[in-house]
Amino acid sequence: MSTVDPERELLRHTLATLAYRGAKAVRNAPEQFAGFQGAEKAPVEILAHIGDLLDWGLSMADGTGQWRNSTPLPWKQEVERFFTALENFDRYLASTKPLKAPVAKLFQGPIADALTHVGQIAMLRRLAGVPITGENYFVATISAGRVGADQAPPQREF
Numbered sequence: 006m007s008t009v010d011p012e013r014e015l016l017r018h019t020l021a022t023l024a025y026r027g028a029k030a031v032r033n034a035p036e037q038f039a040g041f042q043g044a045e046k047a048p049v050e051i052l053a054h055i056g057d058l059l060d061w062g063l064s065m066a067d068g069t070g071q072w073r074n075s076t077p078l079p080w081k082q083e084v085e086r087f088f089t090a091l092e093n094f095d096r097y098l099a100s101t102k103p104l105k106a107p108v109a110k111l112f113q114g115p116i117a118d119a120l121t122h123v124g125q126i127a128m129l130r131r132l133a134g135v136p137i138t139g140e141n142y143f144v145a146t147i148s149a150g151r152v153g154a155d156q157a158p159p160q161r162e163f
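Counting from 1, position 155 in the sequence shown corresponds to residue 160 in our numbering; the numbering is continuous, with no gaps.
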């Protein structure tokens, strides 16, 4: 008999989707992009906020419920932090440890917010003159547990 919780697996797939889209948004961004001033917040500040959101999501899942506002690190370190935070969160969701927050709330709060901010980074790439290529994400190779920087190549870019 399977003990896999379909809601947890959907949340894990959502984290994998965030990793895939986030990897695309940060991949090959030139160093100067980190400080691009095309909006209220620079890309590195947005990426630091995403890391805070993912850490917060994990803390809600494990019951510690801690929020912090991190001082942005250099771009490369923030990219690493993003994937580390995804891996930590996914590892917890993949475990048998109890969730101390409802799956729907974890999605609607930190994860949906993080997805929105990845979109902001993608938009800022275009404004900064270093756009990412559009893609049909429906056919992308995304699977629960694949939340690191090493993502599958695009299936259909345009």
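Beta carbons: idealized from backbone N, C-alpha and C, even for Gly. As the structure is a prediction and not an experimental result, all values here were calculated from the model.
query: Tell me, to the nearest whole angstrom, how far the beta carbon of Ala66 is from that of Leu104; I am working on the premise that it is less than 8 Å.; result: 5 Å
query: Rounded to a whole number of angstroms, what is the C-alpha to C-alpha distance between Phe163 and Gly139?; result: 5 Å
query: Quick check on the DSSP output: the alpha helix (DSSP H) that includes Leu23 runs from which residue to which?; result: Pro11 to Val31
query: For Glu36, which beta-bridge partners are listed by DSSP?; result: None, per the DSSP bridge assignment.
query: Counting C-beta neighbours from all protein chains within 10 Å, is the total for Pro115 16 or more, i.e. buried, or is it exposed?; result: buried
query: Considering only their Cβ atoms, is the gap separating Ser64 from Gly70 smaller than 9 Å?; result: yes
query: If Ala47 sits next to Ala39, beta carbons under 8 Å apart, how far is it from one beta carbon to the other, in whole angstroms?; result: 7 Å
query: Count the other CB atoms, across all protein chains shown, that sit within 10 Å of the CB of Arg161; report buried if there are 16 or more and exposed otherwise.; result: exposed
query: Does the pairing of the stretch 112 to 128 with the stretch 20 to 35 give three or more beta-carbon distances under 8 Å?; result: yes
query: Where Leu111 and Glu12 are concerned, what is the direct C-alpha to C-alpha distance, given to the nearest angstrom?; result: 11 Å
query: Expressed to the nearest angstrom, what Euclidean distance is found between the alpha-carbon atoms of Leu120 and Val144?; result: 18 Å
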